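Numbering (our numbering), first residue to last: 6 to 242.
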């Protein structure tokens with residue numbers, strides 16, 4: 006009788022010990038779910054001039070300068086503001102991607118606007134925790150489902166992304182993200198150049214493709230969009 010009680014007590018202790026890590030994992034996952042981070046959306050140049058960089062960390066050169074519309078330069082000027090598409094790390098240093106294949110070094114600018122985004126790191130932890138508790142047959146089902154998802158994502162990723170366009174009309178308006186046009190009172194401004202329209206034959210780098218009120222537009226950076234029907238795609242990846 007005493008022997009049986011000892012076995013029962015030992016089994017209960019073992020079960021309790023094994024349950025603790027799972028409980029901690031659940032708590033950690035729940036904590037991670039609420040994590041939020043601030044992401045830069047706009048920066049301003051703080052130095053007299055600062056180089057434009059490529060994604061490999063090399064600078065634009067006089068032979069191959071940064072080109073935006075008809076404006077060309079190897080550097081950005083003090084107090085010029087740029088919208089940030091994303092923040093990246095290149096060779097251990099932080100950079101801000103401003104569109105049109107150009108990056109600015111974080112140490113050369115100051116952040117003037119941010120947005121709060123939620124961290125998505127929790128999902129994988131939950132999935133891993135759930136998968137480990139499933140039976141062998143459910144794991145097989147989960148694996149085939151993952152494979153299917155993988156195939157689907159591969160198919161999606163094979164779709165080409167537009168990277169450069171050229172204006173095909175004599176003139177075409179610059180649009181805001183709500184679909185409204187730039188006006189003479191508030192024109193599109195880029196490094197001292199002001200206009201409400203883009204001109205035929207001008208090429209623009211594309212940061213992303215979006216739909217506004219049912220129509221396709223290309224985002225060319227600095228809060229400006231061009232309508233897909235007024236341009237032609239000349240490069241994609």
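Ideal Cβ positions, reconstructed from N, Cα and C, are used throughout, including at glycine.
Computed from a prediction, not measured in an experiment: that's the story for all the values here.
Distance CB(residue i)-CB(residue j) smaller than 8 Å
i           : j           : result
residue 105 : residue 49  : no
residue 123 : residue 44  : no
residue 195 : residue 74  : yes
residue 188 : residue 236 : no
residue 169 : residue 229 : no
residue 64  : residue 70  : no
residue 54  : residue 100 : no
residue 107 : residue 57  : yes
residue 51  : residue 90  : no
residue 110 : residue 177 : no
Residue i, buried or exposed, once every other Cβ within 10 Å from all chains shown has been counted against 16
i           : result
residue 183 : exposed
residue 204 : exposed
residue 226 : buried
residue 103 : buried
residue 210 : buried
Separation of residue j from residue i, as counted between CA atoms
i           : j           : result
residue 217 : residue 166 : 18 Å
residue 212 : residue 242 : 12 Å
residue 61  : residue 95  : 7 Å
residue 234 : residue 221 : 8 Å
residue 185 : residue 47  : 21 Å
residue 72  : residue 208 : 9 Å
residue 80  : residue 219 : 37 Å
residue 86  : residue 206 : 27 Å
residue 181 : residue 59  : 27 Å
residue 215 : residue 42  : 25 Å
residue 224 : residue 117 : 21 Å
residue 112 : residue 92  : 13 Å
residue 200 : residue 193 : 5 Å
residue 197 : residue 40  : 41 Å
residue 202 : residue 175 : 10 Å
residue 1   : residue 88  : Residue numbering for the chain in the displayed model covers 6 to 242; residue 1 lies beyond these limits and cannot be assessed.
residue 238 : residue 68  : 25 Å
residue 190 : residue 66  : 35 Å
Three-state class that DSSP yields for residue i in the structure shown
i           : result
residue 185 : coil
residue 191 : coil
residue 228 : coil
residue 257 : Limits of the chain in this structure are 6 at one end and 242 at the other, which puts residue 257 out of reach.
residue 134 : Residue placement at residue 134 cannot be trusted, given a pLDDT of 48 that sits under 50; what the coordinates show is reported in the next sentence. Of the three classes helix, strand and coil, the one that applies to residue 134 here is helix, per DSSP.
residue 234 : helix
residue 83  : coil
residue 199 : strand
residue 74  : coil
residue 66  : coil
residue 216 : strand
residue 117 : strand
residue 55  : strand
DSSP bridge partner residues for residue i (one or two, in chain order)
i           : result
residue 91  : 102
residue 241 : 167
residue 46  : In DSSP, residue 46 forms no bridge with anything.
residue 40  : In the DSSP output, where bridge partners are listed per residue, residue 40 has none listed.
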